[in-house]
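Under the working numbering, residues 22 to 436 are what the sequence shown spells out, in order.
Yeah, the Cβ is synthetic: ideal placement off N, Cα and C, and Gly gets one too.
Here's the structure we're looking at; comments come further down.
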Amino acid sequence: MSKRIYLCLAHMSEEGWEQKYIKEAFDTNWVVPLGPNVNAFEKELEMYVGHNKRVVALSSGTAAVHLSLIASGVGPGDEVMVQSFTFCASSHPITYVGATPVFVDSERDTWNMDPELLDKAIQDRINKTGKKPKAIMTVYLYGMPAKIDELMAVAEKYDIPVIEDAAEGFGSKYKGEIVGTRGVFGILSFNGNKLITTSGGGALICPNEEMRNRIMWYATQAREAYPYYQHEAIGYNYRMSNICAGIGRGQMTVVADHLAHHRHIRDMYRDAFRDVEGITFHDELPEMESNFWLNTITLDPKLKVKGEENAYKEAVQGAIGGAAGVVHGGGSIHTDCEPHVNVEAMRLALDAADIESRPLWKPMHLQPVYKNAPAYVNGVSEELFKCGLCLPSGPMVTDDDVKRIIATILENIVR
Ligand SMILES: *Cc1c(COP(=O)(O)O)cnc(C)c1O
């Protein structure tokens with residue numbers, strides 16, 4: 022068997038720009054969370070996203086979500102409407118500021134926040150609590166743009182600011198525009214598994230210079246302008262390191278290649294699964310250009326997969342996804358909501374063939390930690406979670422890899 026194939030591994034530029042910028046940081050002794058690479062990376066990001074936006078580079082996408090909420094005035098007792106079908110970094114920071122996430126389910130076309138359900142949910146929150154939610158957090162899951170016009174129309178109807186969690190959607194477009202630029206804020210992530218990486222890092226797309234300055238201040242411990250440390254508000258240590266920004270500058274040279282590569286892999290999967298009964302490839306709508314950060318399929322519950330009788334027989338060792346070395350005991354084999362046995366059997370079959378795959382993100386309204394949070398659901402994200410798998414899609418995945426993945430999937434279907 023050849024090398025293991027992962028979902029989305031980091032990939033550096035052929036020319037080694039990342040190392041060149043890191044070396045420059047060492048040579049000039051800018052080994053701090055500010056400096057020439059950070060400034061240059063921010064400028065390059067601003068050019069990339071356009072729309073006269075300002076960008077602040079931060080230590081993570083989660084930090085960007087956190088600061089966007091603070092700057093939107095979200096605090097204890099407030100509510101934030103957030104897509105349920107997401108990675109926890111969209112909603113966890115809502116709790117950091119003492120507010121309550123209100124989860125909204127997805128529509129079937131993009132798997133992102135359902136605009137009609139959002140409208141109903143906001144109306145219901147106003148009826149129940151007597152006040153408007155403080156913000157709306159949209160998400161572009163696996164890079165897929167949402168029905169942004171419809172979501173913005175609902176936000177405008179109630180005059181609620183929108184924060185776009187574009188962490189998975191770097192470079193994705195909606196009606197020709199880069200996502201993350203329609204809301205007041207846009208979140209970017211440069212974690213190791215995202216479309217481009219700074220090892221760990223993120224950025225906040227800000228509407229103007231004033232807001233950029235405010236975010237910068239929050240990100241550097243809210244220091245006042247005195248010769249000594251003077252603090253009149255609580256700040257955070259969230260600025261990006263000059264070393265990480267060096268990696269980011271290098272990665273900006275491969276964005277176009279990565280985007281083209283992810284979409285090429287999309288073509289291969291789409292063509293392969295088009296005529297396979299029981300497997301649906303999740304594709305974009307005509308007005309969208311997804312980055313296909315992760316390609317995803319859903320398996321019909323009636324599709325039989327080899328080895329279903331062995332699914333969920335053994336506990337998974339260690340936390341899933343980017344948390345290597347994390348030991349957190351107490352896991353049992355089942356939870357009250359889990360992917361169907363055919364999906365788990367397919368995941369195990371791929372794993373045995375040295376291919377990483379992963380169930381779709383378990384919706385936040387089904388997470389025990391959020392059992393008390395209000396949720397407006399229509400069954401879509403729960404059903405997708407039970408049927409779906411993410412497939413290897415990153416820049417290190419070759420055509421031969423994709424062929425091997427497709428062959429392994431087809432071999433494991435019981436005809
Ligand atoms: C990755 C991600 C983030 C940010 O994560 P960091 O790892 O902190 O950079 C936020 N939201 C979503 C949906 C993500 O997938």
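Could you tell me the distance, in whole angstroms, from the CA atom of residue i to the CA atom of residue j?
i, j, result
"glycine 207", "valine 200", "8 Å"
"valine 52", "aspartate 422", "38 Å"
"isoleucine 300", "alanine 374", "19 Å"
"serine 353", "glutamate 45", "49 Å"
"leucine 225", "leucine 209", "6 Å"
"serine 127", "phenylalanine 302", "17 Å"
"phenylalanine 106", "methionine 158", "12 Å"
"glutamate 298", "glutamate 308", "27 Å"
"glutamate 377", "valine 418", "11 Å"
"alanine 92", "isoleucine 264", "27 Å"
"valine 275", "serine 34", "6 Å"
"glutamate 185", "tyrosine 397", "19 Å"
"glycine 204", "asparagine 331", "46 Å"
"methionine 385", "asparagine 393", "11 Å"
"glycine 339", "leucine 30", "19 Å"
"asparagine 234", "lysine 41", "29 Å"
"alanine 176", "leucine 387", "25 Å"
"lysine 64", "asparagine 58", "10 Å"
"leucine 381", "alanine 61", "35 Å"
"alanine 142", "threonine 150", "12 Å"
"isoleucine 115", "valine 390", "13 Å"
"glycine 191", "aspartate 304", "Note that residue 191 is phenylalanine in the sequence shown here, rather than glycine. Going from the Cα of phenylalanine 191 to the Cα of aspartate 304 covers about 17 Å."
"aspartate 288", "methionine 232", "40 Å"
"leucine 280", "asparagine 214", "14 Å"
"threonine 202", "alanine 344", "30 Å"
For residue i, which residues from the same chain have a beta carbon less than 6 Å from its beta carbon, with the 5 sequence-adjacent residues on both sides left out?
i, result
"proline 395", "Val123"
"asparagine 212", "Gly221"
"proline 97", "Gly119"
"glutamate 198", "none"
"glycine 409", "Thr317, Thr319 and Leu381"
"glycine 94", "none"
"aspartate 372", "none"
So which of the options has the shortest CA-CA distance to residue i?
i, options, result
"glutamate 137", "His386, Leu172 and Ser111", "Leu172"
"phenylalanine 108", "Arg379, Val398 and Thr419", "Arg379"
"isoleucine 26", "Ser262, Pro413 and Asp48", "Pro413"
"lysine 155", "Val118, Lys41, Phe191 and Ala174", "Val118"
"alanine 174", "Asp140, Tyr163 and Gly190", "Asp140"
"histidine 72", "Asn393, Leu306, Glu230 and Asp372", "Glu230"
"cysteine 358", "Lys74, Asp420, Lys383 and Gly346", "Lys383"
"leucine 431", "Val390, Arg368 and Pro389", "Arg368"
"aspartate 420", "Ala187, Ala110, Thr49 and Arg284", "Arg284"
"histidine 32", "His349, Asp48, Ala110 and Gln272", "Gln272"
Below 8 Å between beta carbons: does that hold for residue i and residue j?
i, j, result
"histidine 355", "tyrosine 333", "yes"
"valine 160", "lysine 325", "no"
"serine 193", "serine 81", "no"
"aspartate 135", "asparagine 399", "yes"
"lysine 153", "tyrosine 195", "no"
"valine 77", "isoleucine 236", "yes"
"leucine 28", "cysteine 411", "yes"
"alanine 240", "leucine 79", "yes"
"glutamate 100", "threonine 83", "no"
"glutamate 189", "tryptophan 314", "yes"
"lysine 327", "alanine 277", "no"
"valine 125", "serine 112", "no"
"proline 228", "lysine 74", "yes"
Ordered along the chain, which non-local residues of its own chain (more than five positions away) have a Cβ less than 7 Å from that of residue i?
i, result
"glutamate 329", "Val362, Asn363 and Ala366"
"glutamate 335", "none"
"leucine 55", "Arg260 and Asn263"
"histidine 282", "Pro416"
"lysine 323", "Gly299"
"glutamate 245", "Gln251, His252 and Glu253"
"valine 347", "Gly339 and Ala340"
Please go through the same chain and pick out, in chain order, the residues whose beta-carbon is closer than 8 Å to the beta-carbon of residue i, but skip the five residues on each side of it.
i, result
"isoleucine 181", "Met102, Ile143, Lys153, Pro154, Lys155, Ala156 and Ile157"
"glutamate 36", "Thr274"
With a threshold of 8 Å, are at least 3 pairs of Cβ atoms found where one atom belongs to the stretch 255-265 and the other to the stretch 76-94?
Between the stretch 255-265 and the stretch 76-94 there are three or more inter-stretch CB-CB distances shorter than 8 Å, so the stretches are counted as touching.
Would you call the stretch 315-334 in contact with the stretch 404-412, where contact means no fewer than 3 C-beta pairs closer than 8 Å?
yes
Counting Cβ pairs, one atom from each stretch, are 3 or more of them under 8 Å apart for the stretch 130-137 and the stretch 157-167?
yes
Is it a yes or a no for the stretch 214-225 touching the stretch 259-278, going by three-plus beta-carbon pairs under 8 Å?
Between the stretch 214-225 and the stretch 259-278, the count of C-beta pairs closer than 8 Å reaches three or more; the two stretches touch.
Is the stretch 279-299 in contact with the stretch 416-433, if contact means three or more CB pairs nearer than 8 Å?
Counting Cβ pairs under 8 Å, three or more are found: they touch.
Does the stretch 140-151 come close enough to the stretch 64-84 to have 3 or more Cβ pairs within less than 8 Å?
no
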